[in-house]
Each structure stands twice: as structure tokens, then as C-alpha cells.
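Adding 2 to a residue's 1-based position in the sequence shown gives its number in this note's numbering.
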Amino acid sequence: MQMQPTLLLPEIIVFVGGLIVLLGGSFLPRHRQSIARAVAALALLGAAVAAALAMAGPAQAAFSGTFAVDTATGAARVIAVLTTLLVLGVAGGEIAGSPRESDTYALLLFATTGVMVLAGATDLLVLIVGFLLASIPLYGIVGLASGRSGAEAAMKTYFMGALSGIVLMLGVTVLYALAGGTDYARLTHELPAAPTAAVGAGVLCVLVGLLFKAGGVPAHFWVPDAAQGAGVTAATFLTTVPKIGALVAVYRLVATVATGNDSWLVVAAALATVSMFLGNLAAYWQRDPRRLLGWSTVAQVGFLLVPVSAAGRSDLALPSLLFYLAAYALTNVAAFAVTATLPKHRELTAYRGLARSRPGLALTLLIALLGLVGTPPLGVFVGKLTTATAAWDGGHGWLALVVMLNSLLSLFYYLRWIGPVFARPAEESPGFPRSGGAAAWPLATASAAAAASLGLGILAGLLWATLEGPLLL
Numbered sequence: 003m004q005m006q007p008t009l010l011l012p013e014i015i016v017f018v019g020g021l022i023v024l025l026g027g028s029f030l031p032r033h034r035q036s037i038a039r040a041v042a043a044l045a046l047l048g049a050a051v052a053a054a055l056a057m058a059g060p061a062q063a064a065f066s067g068t069f070a071v072d073t074a075t076g077a078a079r080v081i082a083v084l085t086t087l088l089v090l091g092v093a094g095g096e097i098a099g100s101p102r103e104s105d106t107y108a109l110l111l112f113a114t115t116g117v118m119v120l121a122g123a124t125d126l127l128v129l130i131v132g133f134l135l136a137s138i139p140l141y142g143i144v145g146l147a148s149g150r151s152g153a154e155a156a157m158k159t160y161f162m163g164a165l166s167g168i169v170l171m172l173g174v175t176v177l178y179a180l181a182g183g184t185d186y187a188r189l190t191h192e193l194p195a196a197p198t199a200a201v202g203a204g205v206l207c208v209l210v211g212l213l214f215k216a217g218g219v220p221a222h223f224w225v226p227d228a229a230q231g232a233g234v235t236a237a238t239f240l241t242t243v244p245k246i247g248a249l250v251a252v253y254r255l256v257a258t259v260a261t262g263n264d265s266w267l268v269v270a271a272a273l274a275t276v277s278m279f280l281g282n283l284a285a286y287w288q289r290d291p292r293r294l295l296g297w298s299t300v301a302q303v304g305f306l307l308v309p310v311s312a313a314g315r316s317d318l319a320l321p322s323l324l325f326y327l328a329a330y331a332l333t334n335v336a337a338f339a340v341t342a343t344l345p346k347h348r349e350l351t352a353y354r355g356l357a358r359s360r361p362g363l364a365l366t367l368l369i370a371l372l373g374l375v376g377t378p379p380l381g382v383f384v385g386k387l388t389t390a391t392a393a394w395d396g397g398h399g400w401l402a403l404v405v406m407l408n409s410l411l412s413l414f415y416y417l418r419w420i421g422p423v424f425a426r427p428a429e430e431s432p433g434f435p436r437s438g439g440a441a442a443w444p445l446a447t448a449s450a451a452a453a454a455s456l457g458l459g460i461l462a463g464l465l466w467a468t469l470e471g472p473l474l475l
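As C-alpha cells, this is what we get:
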């Protein structure tokens, strides 16, 4: 089988773009760092075009079958690079002119490359490479935040990441010993005859590592602290982009080991249920909007794991996962971009009267929060509807009911944020700064992401066909 490195053109473009930004930024004066942002944006746009063109072709395997270029990989590539492009818009208001501006852009590109490798990996060793490439730059992105909370967030992210990486590699070692190889085709053939307990231990260890990247139970502890303590650029990225590659990787792994053993679909359903309930219940008590969104993202991982429980049982499973990932990415970025527009408002009550002072920004926030709930006609609504339908088709009707119940639960804590926005402003309220200056980039990003979330929901029928295709294992 040919190596075909050209099949990894999107990954190559993003990684080389990161190198150019990293090296070139060293020679740019601080007031010219926007050039690095422009180079990063061009690399992401180029990768998006290359990924879209690759999706139009047939599904193929590269590097001796260790990397799949199929519909799932193509969709994950496009979603990841375009979401990172939106994150650059958030960064334009927070870190423009800072000493580490170009370094941040380079780290974002390197981490995005790892996310794309995770999405296409069909070999456990390649999966490790993607995990490390997506994780190590992430530690740096979180650690660039100054202050005590930023240091705490960086340490928690690093220690949880290191532990999860060790657990993942332990699982890979066990599965290699059982199957005599690390490619998914061999795992599919050999694992059904291996001892069940050993297979279970190996697969669970790999899932724990991947769920660290996704931010789901049981490796979720770092997410709320990092979302609250890190800069808003880092928070937006870490709660959005890593999920794209990690959840596609989880889907591939579960689809592989579930062949002849449907118990892994039940495990995925159980993880989805726990993540949904824990994330939603914990989010209800939060006062900091970014910490609330951090717990919200734990719950969203639960929703995104629902179609994994129907892998191989429903034709809706994979398209619904990919569509939900796209819708969630846009909606989550919109919500975080609003907090970047008002960086000093770190309490939900501080948003009191926003609708009267800045109605456009209030409308954007309303779209984002109702979108995360899953309100029609926004994109996440279609994602939740199709994932619940996939669970029903896959024989987990109870899980579809859990999705509906948790969507209702999430409404209550989002209303704790929406309520002050449309309330009468207090007399002693300092008011809200007008648009312009450093807030212009996050404001534009929030508006674009919210509009795209609405458009994705309206055009869901047209876009759905592009997400249907075979999954290479």
C-alpha cells in the first residue's frame, strides 16, 4: 500500500503554517504581530479548502492504512480549522499586541493539527501521536494566562493531561499485546477471541485518554477551572476544537471494538448519561459565565456521545455526530466571544440591562445560549434531534429520553444568564462599554458564529448529504 502523504495535505498546511508563524513571529515587532495572525488565518483557510476538496473524492487510506481520509475525517478537518479561524477572531481582541501573540497563534495551529490527526487515526500508535500533538500545545495555550487562576488552570490541565496520556498508552499496550498489532483492522479481527476482561481494561484506558481531550466524564475535572482561569482565547479553543478530533476518534474506536460485542455501545450510552447529568447539574450553581460554559461543555460531550452508542446500528449515528460537532462549535464560540467582548463582566448579574444598552450583543448572546439548549431552528436543535433519533434506532430508546430531559435541565441555568440580560438595569450599574477598539474582533466573531449557527439549522437538509459516507477502520 502506498504512503500517499498528499492525503494529509490539510494537516501539513496547518503544521507548516504554525512553524512559519512561530519562527516569523520572532522577527516581528510587537506592533506588527497582526501579520502572524494573517498568516495563521491563511494557513487555516488553505487547509479548509484542501479538506473540502478531499471530501469530494473517494474514501482512501494513507500511510499503510494507519490514517483514513473519509467523510468523518474530512468533516472533522473542516470543522476544526474553521473553528480555529473563529478563535483567531476572539484572540484579536484579547492578545493583540501582547508579547506572546505570535506564540499563541503557533500553538493554536499545532494543536489543531493534532486534532485532525486524532480524527483520522486508524492505528493506535497514530492515535498516540495525535493525542500528544493536540495536548502539549494546549498546556502552553492555557499557561500563557497570567495570574494565580491562570497558573492553577495550567497545572490542572497539565497533570490531568499527563495522567490521561499515561492511561491511554497503557491501554494501547494492553490492546497491542492482545491483538499482536495496533491497526484497527487487526483489532477488529483479533479482539473478539481475546480475554474479555483484558480487552475491557485496554479499551477503557484508551477511552479515558480520549475523553480527556473531549472534556467528558471521567476525565473532565480540568475543564471548568481552565475555562474560568485561562484567557478567553484559550477557553474558547479548549472547550471546542479538541472535542472534534477526540469524539470522532472515540466513534472509530467504539465502532471497531463493538464488532461482535455490543456491550461497548452500552458503555458509551452510560458515559453519555453521566456526562449530561453531571455537567448540567454542576452548571446550575455557577456565577462566572465562563465557568458555567465550562460545565456546559461537559454536558455537551454527553450529548455528543449519544450517537456513539448507536455506532453500527443506525445510519444516522455518524452524520448526526458530525453535524452536532459543527453546530456546537459555532454556538460555543459565539457564547465565549460575547464574554470576550465584555472581559470585565465576570458575574452573571453583571450582564443586567445588556439588552437595553447593547441590544445587538444581547441578541447574539440569546442566540448562542438558546442554541446550546437546542432551540429550533438553530443548529444544535437539529444535532440533538438526530442524535436522539440515532439512539432510538440503535435500540437505546431510554437514552433518547435522557437527551430530552437534560435539554430541559440545561434551560434553567441558561435562563440564569438570560434573565439579567433582559432585566431593567440597576441604578448603580456601571453600564457596558461601546463597541470598537479591542472588542471589535470578538464582537464580529460572536455575530458571525451566531449567524452561522442559525444558518446551519435552517440549511441542515442541504448539508446533511455531505456528511453521509462510509467510515474506514
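Quick reminder that beta carbons are idealized off the backbone N, C-alpha and C, glycines included. Keep in mind the model is a prediction, meaning the values are calculated, not measured.
- Per DSSP, F17 is one residue of the alpha helix (DSSP H) stretching across L11 to G27.
- Note that the C-beta distance between G19 and T75 is not below 7 Å.
- Residue state for Q302 is assigned as helix, using DSSP reduced to three classes.
- For V384, the uninterrupted alpha helix (DSSP H) run begins and ends at G381 to D395, by DSSP.
- For S322, the CB contacts under 7 Å within the same chain, skipping 5 residues up- and downstream, are P309, G385, T388, T389 and A392 in chain order.
- Sorting Y107, A342 and L413 by C-alpha distance to the C-alpha of L445 places A342 at the top.
- In this chain, Q6 is not harboured by any beta strand (DSSP E), its DSSP state being neither H nor E.
- Non-local C-beta neighbours of G247 in its own chain, meaning closer than 8 Å and more than five positions away in sequence, comprise A78, A82, G116, V117, M118, V119, L120, A121, G132, A136 and K215, ordered along the chain.
- Exclusion of the five residues before and after L172 leaves C207 as the residues of its chain whose Cβ lies within less than 6 Å of its Cβ.
- Residue G59 holds the alpha-carbon nearest to the alpha-carbon of D72 among Y160, F65, S66 and G59.
- Cβ contact annotation for P379 (same chain, cutoff 6 Å, sequence separation greater than five): G459 and I460, in chain order.
- Here the C-alpha atom of S36 lies approximately 46 Å from the C-alpha atom of L177.
- In this structure, the beta-carbon distance from A370 to T333 falls below 7 Å.
- A distance below 7 Å separates the beta carbons of R418 and L350.
- Of the other Cβ atoms in all chains shown, fewer than 16 fall within 10 Å of the Cβ of R289; this residue is therefore exposed.
- Relative to L111, the option among T124, A40, L273 and L356 whose CA is nearest is A40.
- Within a 10 Å sphere around the beta-carbon of M57 sit 16 or more other beta-carbons, which makes this residue buried.
- Ranked by how close their Cα comes to the Cα of A236, the residues V80, A462, V144 and L374 have V144 in first place.
- In the displayed model, F434 falls within coil according to three-state DSSP, outside both helix and strand.
- Secondary structure at V92: helix, using DSSP grouped into helix, strand and coil.
- Between the alpha carbons of A64 and A53 lies a distance of about 15 Å.
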